[in-house]
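Colleague: Line order of the protein sequences matches chains A and B. Counting in the working numbering, the first sequence runs from 144 upward without gaps. Counting in the working numbering, the second sequence runs from 81 upward without gaps.
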Amino acid sequence: LAKTTQPISMDSYEGQEVNITCSHNNIATNDYITWYQQFPSQGPRFIIQGYKTKVTNEVASLFIPADRKSSTLSLPRVSLSDTAVYYCLLSNNLFFGTGTRLTVIP
Amino acid sequence: DGGITQSPKYLFRKEGQNVTLSCEQNLNHDAMYWYRQDPGQGLRLIYYSQIVNDFQKGDIAEGYSVSREKKESFPLTVTSAQKNPTAFYLCASSTRTGTVNTEAFFGQGTRLTVV
């Protein structure tokens with residue numbers, strides 16, 4: 144099963160836009176790309192999902208290039224409450240991996 | 081309300097004892113999963129089930145056992161063979177993987193401590 148690769152950690156100042164990139168070179172034709180957010184001592188929760196091009200909701204945007212071998216989660220104007228671990232997954236499996244630990248600095 | 085429920089929230093176990101963690105969902109999902117999370121680490125898949133009476137080992141199944149007798153329930157037993165069972169355990173459910181718009185819903189987790 145195809146797996147994903149993400150940076151282990153990122154820091155950002157409050158109010159900035161944050162972009163987290165995920166690599167998935169072996170993505171299957173029928174895979175969707177899904178991002179989750181996890182706070183300490185809680186289960187992950189769904190943020191956004193997409194197949195190609197761009198998807199936007201009230202929380203984030205997801206950019207997927209034409210070859211679909213990577214994707215970028217964009218969080219606009221982050222706040223301290225966005226400090227969490229972010230996971231990128233493919234829909235053909237639920238392999239979470241280590242995710243990206245985002246720390247928002249005041 | 082639809083959702084996924086894990087119990088208990090905190091669990092203490094003596095070394096050498098088996099313990100069973102409960103996971104129930106009323107989302108009518110076919111697939112259910114168990115993950116283990118250690119401090120500062122990501123989620124590691126223990127077992128998953130795509131349909132009743134069938135389940136598959138994940139990456140770290142040794143020392144654990146599961147059953148899937150009902151669609152709504154997927155209990156996890158941590159056996160005495162698990163050498164380092166202290167961890168945060170998360171249960172999830174979803175439509176079957178490989179289908180469009182698979183989204184996992186998680187319970188609140190069970191924190192198991194071996195004393």
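Positions of the beta carbon are idealized from the N, C-alpha and C atoms, including for glycine.
1) When you measure from the CB of B:GLN105 to every non-hydrogen atom of the ligand NAD, does any distance come out below 8 Å?
2) When you compare the region 153-165 of chain B with the region 223-238 of chain A, are there three or more beta-carbon pairs, one atom per stretch, that lie closer than 8 Å?
3) Ordered along the chain, which non-local residues of its own chain (more than five positions away) have a Cβ less than 6 Å from that of A:ASP174?
4) Against chain B, with Cβ distances strictly below 9 Å, would A:PRO187 count as a contact?
5) Using the rule of at least 16 other Cβ atoms within 10 Å of the residue's Cβ for burial, across every protein chain shown, is B:PHE92 buried or exposed?
6) Grouping DSSP H, G and I as helix and E and B as strand, with all else coil, what is A:LEU237?
7) Whole angstroms are fine: how far does the CA of B:PHE185 sit from the CA of B:GLU104?
8) With DSSP as the reference, label A:SER224 as helix, strand or coil.
9) With H, G and I counted as helix, E and B as strand and the rest as coil, what does DSSP make of A:GLY139?
10) Beta-carbon within less than 8 Å of A:ILE176's beta-carbon, same chain only, minus the 5 sequence neighbours each way: which residues are those?
11) Let me confirm a value: A:THR196 is counted as buried when at least 16 other C-beta atoms fall within 10 Å, else exposed. Which label applies?
12) Is the CB of B:GLU183 under 9 Å away from at least one CB in chain A?
13) Just by C-beta distance, which residues in the region 147-177 of chain B are closer than 9 Å to chain A?
14) I think B:GLY138 touches B:TYR127, with their Cβ atoms under 8 Å apart; what is that distance to the nearest whole Å?
15) For B:THR175, collect the residues of the same chain with a Cβ closer than 8 Å to its Cβ; drop the 5 residues on either side in sequence, then sort them by chain order.
16) Can you tell me the Cα-Cα spacing of A:ARG188 and A:THR199, whole angstroms?
17) Return helix, strand or coil for B:ASN164, following the three-state DSSP convention.
18) I need the DSSP call for A:ASP154, collapsed to helix, strand or coil.
19) Which chain A residues sit within Cβ distance under 9 Å of B:GLN121?
Modeller: Put simply:
1) As presented, the structure is devoid of all ligands, the ligand NAD included, so that no description of it is given.
2) no
3) As a first step, residue 174 of chain A is located in the first sequence; it is residue number 31 there, counting from the start. Counting only Cβ-Cβ distances below 6 Å, and skipping sequence neighbours, we find LEU233, SER234 and ASN235.
4) As a working mapping, residue 187 of chain A is identified with position 44 in the first sequence. With 9 Å as the cut-off, A:PRO187 counts as an interface residue toward chain B.
5) Counted from its first residue, the second sequence places residue 92 of chain B at position 12. That one is exposed.
6) For the purposes of this step, residue 237 of chain A is identified with residue 94 of the first sequence, where counting begins at 1. Correct three-state label for A:LEU237: coil.
7) Position 24 of the second sequence, counting from 1, holds the residue named residue 104 of chain B. Position 105 of the second sequence, counting from 1, holds the residue named residue 185 of chain B. Those two C-alpha atoms are separated by around 12 Å.
8) By 1-based counting over the first sequence, the position of residue 224 of chain A is 81. Correct three-state label for A:SER224: helix.
9) Because chain A is modelled from 144 through 249, residue 139 of chain A falls outside the range shown and cannot be assessed.
10) In the first sequence, the residue the question calls residue 176 of chain A occupies position 33. Here the set comprises CYS165, HIS167, ILE170, GLN192, GLY193, TYR194, LEU205, ILE207, ARG211, SER214, CYS231, LEU232, LEU233 and SER234.
11) As a position in the first sequence, residue 196 of chain A is number 53, starting the count at 1. It counts as exposed.
12) Walking along the second sequence from the start, residue 183 of chain B turns up at place 103. Yes, B:GLU183 counts as interfacial toward chain A.
13) PHE168, LEU170, CYS171, ALA172, SER174 and THR177
14) By 1-based counting over the second sequence, the position of residue 138 of chain B is 58. By 1-based counting over the second sequence, the position of residue 127 of chain B is 47. Correct: roughly 6 Å between the Cβ atoms.
15) Along the second sequence, one-based indexing puts residue 175 of chain B at 95. Taken in chain order, the residues that qualify are HIS109, ASP110, ALA111, ASN181, THR182 and GLU183.
16) By 1-based counting over the first sequence, the position of residue 188 of chain A is 45. By 1-based counting over the first sequence, the position of residue 199 of chain A is 56. One C-alpha to the other measures close to 17 Å.
17) Locating residue 164 of chain B in the second sequence gives position 84, where the first residue counts as 1. In the structure shown, B:ASN164 sits in coil (DSSP, three-state: anything other than H, G, I, E or B).
18) The count along the first sequence starts at 1 and reaches residue 154 of chain A at position 11. Strand.
19) Here residue 121 of chain B is taken as the residue at index 41 of the second sequence, counted from 1. Simply THR241.
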